[in-house]
Amino acid sequence: MEELRKLEQLQRTFTFMQSRSFVSSSSIDSNRFLANLILLLLQPCGELNLDNKCNLLSEYIPKISVTFLEEASQWVSLETDERDSQENYVELNNPPDKTDCRSLQINHKDVAMVGLEAMERANSTLEDFCRSYFMFHGIDITSPQVIFKYFPVLSFTESFIYQLDGLNEKILYIPMEGVTTPEKELEKEKFQGWAMNVFEKDPFRPLLNVFKCRGLLTERIREEFKSGEVYWALERKLCSALMCKMEISIEDVMRAIHLKSFDYRVLNLLLYQLRGEEVNDLHMEFLSVSEFLVEISDDLFDYEDDVLENNFNILRMFAKVYGPSTAPAMLAKYITDSEERYDNLLKTLDPQLSSKYKRRCEEATKEGGKVSGHPLGTWSIPPLIVNEELYRSNCLNTK
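Counting along the sequence shown from 1, when you hit position 156 you're at 156 in UniProt numbering, and nothing is skipped either side.
If you want it as structure tokens, here you go:
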């Protein structure tokens, strides 16, 4: 996570350097070194301001030589080895105390809270989850008493996730109001710094504390939350790379799309816990393939909006990796392979459950404005946007 954050900072610094023609023509490594130096100078250091730091550089840079740096390297390596051994001794001999629920209620940073906007945004996901997943638990969707027995925990959880997801989107958000002022840019940078700090400091900890106190926390739930953190980090990494016209890897793209539905898996695992049931791994495997196909379908539907807002979108990523002419065919191959796996797993389900789920998929497809014989609907890949920057500019000018 820390490495991804540093990469994002470097990318933003590169962009700033290019805007000021402050780049070296010698090599990429030279520019990376200059970017790291700028980031170092921007880091707070006691009462030193930028003027003090520049004066220190002017005074001491002439005194730094290759010999001086080689001696410093040996000294720092020795000091680091000694410090690591001391820290390991402290950790082994002083294990942290276990935190009980009473102390959690005192520390305000550990109290999980959600806002009304997040609850409103979570509603559509919760409705879909109840209508699509409750059948795998034998729950009657038409029984309000049963639904509201589990709804408070599910709603609170999904709202908490949406709250963090909204924060992550704002980090990547591209202003569409035209020319921005230096004050707005500074305000945006401050917000992004604050938001990044939230994601660096175990963002799900308050929610996990709630689960722990209620006896709902399992290792699988904890792992899914970690998957959520990785997904958001990958989204920031990939979308920042697209904005900076840097290369991305298909491995990162596919990992991100598979992790994207982590919230559904969290809710499903929670429902098993709330009902005191063992997790059905066959159902989880089938649903994970279904989730993958639904995520692709949603990304195709939201493609233009995701380009405008700089959100993760599998078609955007494929266009970058494979090029506009090859991307649709490559994505179609992934879809075909996943559909085959979906059909094979569907046959392993109980016939009654399989029939119910197919009907639910058909309902969801029709509600989305499409009618198709396939349970997940027809596949329609929209025309690719070759120049995203020009597309955003044109959209801005038409407002």
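In this text, a Cβ means the ideal position worked out from N, Cα and C, and glycines have one as well.
Nearest CA to the CA of residue i: which residue from the options?
i, options, result
"S249", "N31, S132, M317", "M317"
"V210", "V321, V266, V111, I314", "V111"
"Y272", "G138, L41, E117, N344", "G138"
"N123", "N168, S159, N197, L269", "S159"
"G115", "F156, E223, F199", "F156"
"Y162", "R20, V266, T336", "V266"
"G215", "E169, S380, G276, G228", "G276"
"P152", "G166, M119, S143", "M119"
"K260", "S73, L270, Y60, V230", "V230"
"E339", "E309, L287, E388", "L287"
"S380", "N397, A332, D337", "A332"
"residue 400", "N280, E388, P324", "One cannot answer for residue 400 here, as it falls past the ends of the chain, which runs 1 to 399."
"E117", "L41, L167, K366, D305", "L167"
"L269", "L172, T398, I221, L37", "I221"
"I171", "F129, K226, R236", "R236"
"P382", "N397, S393, S65, D299", "D299"
"E389", "K366, E304, N344", "E304"
"K226", "L50, A72, F199", "F199"
"S240", "V294, N310, N387", "N310"
"L234", "R20, E169, L208", "E169"
"H258", "L242, E59, E295", "E295"
If you drop the 5 nearest sequence neighbours on each side, which residues of the same chain put their C-beta closer than 7 Å to that of residue i?
i, result
"L164", "P203"
"Q9", "L39"
"R131", "I141, R360"
"residue 400", "Here the chain has residues from 1 to 399 only, and residue 400 is not among them."
"Y391", "V307, I385"
"S290", "Y342"
"V23", "M17, N31"
"T348", "L282"
"L207", "A112, T157, F160"
Grab the span of the alpha helix (DSSP H) containing residue i for me, first residue to last.
i, result
"K53", "50-60"
"D299", "281-301"
"G166", "144-172"
"R265", "262-275"
"M135", "Where M135 is concerned, there is no enclosing alpha helix (DSSP H), given that its DSSP letter is neither H nor E."
"D350", "That residue, D350, is in no alpha helix (DSSP H); it is neither H nor E in DSSP."
"A256", "250-259"
"C395", "388-397"
"L315", "314-322"
Should residue i be flagged as near chain C, meaning a C-beta pair shorter than 8 Å?
i, result
"T378", "Checking the listed chains, one finds no chain C in this structure; it contains a single protein chain."
Apart from the five residues just before and just after residue i, which ones in its own chain have a Cβ nearer than 6 Å to its Cβ?
i, result
"F136", "H283"
"T125", "E158"
"Y357", "none"
"L274", "Y150"
"L154", "L267"
"F224", "Reading off the sequence, residue 224 comes out as Glu, not Phe. Excluding residues within five positions, the ones whose Cβ falls inside 6 Å are F262, R265, V266."
"V371", "In this prediction, V371 scores a pLDDT of 39, lower than 50, which makes its location untrustworthy; the coordinate-derived value is nonetheless stated afterwards. None."
"L346", "S354"
"G228", "F262"
"L41", "K53"
"V232", "Checking the displayed sequence, the identity of residue 232 turns out to be Trp instead of Val. Around W232: N168."
"R121", "Y162"
Can you list, in chain order, the residues of its chain with a C-beta nearer than 8 Å to that of residue i? Leave out the 5 residues immediately preceding and following it.
i, result
"residue 444", "For the chain, the structure presents residues 1 to 399; residue 444 sits outside this window and is missing."
"A327", "L315, F318, A319, V321, L384"
"residue 413", "With the chain covering 1 to 399 only, the question about residue 413 has no answer from this structure."
"Y133", "Y264, L267, N268, L271, L287"
"L293", "I335, S338, E339, Y342, L376"
Runs of 4 residues minimum, wholly inside the region 191-234: which ones carry the alpha helix (DSSP H) assignment? 205-213
Please give the ranges of any alpha helix (DSSP H) in the region 8-41, keeping only runs that are unbroken, at least 4 residues long and fully inside the region. none
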